[in-house]
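Asker: Here it is: the structure, laid out below.
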Amino acid sequence: MVERQLRDRGIRDERVLEAMATVPREAFVPAALGAQAYDDAALSIGEQQTISQPYIVAAMCVELQLTGAERVLDVGTGSGYAAAVLDDLAARVVSIERIPTLAARAREALAATGHESVEVRVGDGRLGAPDVAPFEAIAVAAATERIPVALYEQLATGGRLVAPRGGSMGQRLVVIVKTANGPRETVGLGCRFVPLVGD
Ligand code: SAH
0 MVERQLRDRG
10 IRDERVLEAM
20 ATVPREAFVP
30 AALGAQAYDD
40 AALSIGEQQT
50 ISQPYIVAAM
60 CVELQLTGAE
70 RVLDVGTGSG
80 YAAAVLDDLA
90 ARVVSIERIP
100 TLAARAREAL
110 AATGHESVEV
120 RVGDGRLGAP
130 DVAPFEAIAV
140 AAATERIPVA
150 LYEQLATGGR
160 LVAPRGGSMG
170 QRLVVIVKTA
180 NGPRETVGLG
190 CRFVPLVGD
C-alpha cells in the first residue's frame, strides 16, 4: 500500500509514509472486509459511511504539515483510521463523530491499536471543540459547500485546515491557512467524500 498507492503517486513526507505503514488498517474496517483493508479504495463501515481511501488520508496528512507538536481536530471520525494516523503525527487529537455507534466502534479500534489518547466525541463537528481550541491543524473528512466558520475560528494563527469542498457532484480538497491577514486558500485534488451533515 505504502509503495504503490502512496510513494509512487507522489507522497514524499516520510513521517506520513511511516505512520501509514504502522497503523493497522484492518483494525478499522468491519471484520468481513478484512481482506480488502489495504485496497486502493474507500470501504463501507456501516451507517452509510466509509473509511477513506489510503491515498486521500495520506494527502490530507501531508497538507497539514505536522511535526509532532500540534493539537489536531479531526471532524468525522468514521472508523477512527485517520484519527489514528494523525495521532502518530501530532501531539493531541480530538475527533468528532455525529453517529454514536461509529464513535463507539472507533474508540474500540483506537484503543486496540494503542491510540487510546485520541479523544472521540459524539456531536456536530461543524462546531469544533472550542474548549480545546486553538488547533494547529484541522482535518475535515466530510464534504461541505462552505467551510464552517467555527472551524476557521478555532485554528491557531499559522494553523492549517484541510477539507473536501463541494457537493455530491464533485469536490476538491482545499487547504486554508489562517494568517495574520486572514485566510489563505489553496485548491487541490478532486475527491469524493460523504456529506458533512447539517449543511
Ligand atoms: N476519517 C474517517 C472517514 C470518515 S467518513 C475514517 O478514517 O474512517 C465521514 C464521517 O463524518 C462519517 O462517519 C459521518 O458520520 C461523519 N459526519 C458527517 N457529518 C458530520 C458532522 N456534522 N459532525 C460530525 N461527524 C460528521
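Taking numbering that gives the first Met the number 0, the leading residue of the sequence shown gets 0, the next gets one more, and so forth.
Built from N, CA and C at the ideal position, the CB exists for glycine as well.
#1: Confirm, please, whether the CB-CB distance from residue 19 to residue 84 is below 8 Å.
#2: Measure the beta-carbon distance from residue 119 to residue 105 and round it to whole angstroms, keeping in mind my assumption that it falls under 8 Å.
#3: In terms of alpha-carbon separation, which member of 183, 34, 175 and 165 lies closest to residue 196?
#4: In this structure, how does DSSP classify residue 188 when only helix, strand and coil are distinguished?
#5: Between 26, 12 and 6, which lies nearest to residue 113 when the distance is taken from Cα to Cα?
#6: Using the three-state DSSP reduction, which class does residue 129 fall into: helix, strand or coil?
#7: Which residue's Cα is closest to the Cα of residue 171: 146, 150, 180 and 177?
#8: Among 173, 71 and 157, which has the Cα closest to the Cα of residue 136?
#9: Please go through the segment 0-63 and give each complete alpha helix (DSSP H) segment of 4 or more residues, from N-terminal end onward.
#10: For residue 107, list the residues DSSP reports as bridge partners.
#11: Any chance the CB of residue 33 is under 7 Å from a heavy atom of the ligand SAH?
#12: Does residue 73 come out as helix, strand or coil in the three-state DSSP assignment?
Answerer: From the atom records:
#1: yes
#2: At roughly 6 Å, the Cβ-Cβ gap stays under 8 Å, so residue 119 and residue 105 are in contact.
#3: 165
#4: strand
#5: 26
#6: coil
#7: 146
#8: 71
#9: Taking only runs of at least 4 residues, the alpha helix (DSSP H) segments lying wholly in the segment 0-63 are 13-21 and 53-63.
#10: Answer by DSSP bridge pairing: none, since residue 107 is not bridged.
#11: no
#12: strand
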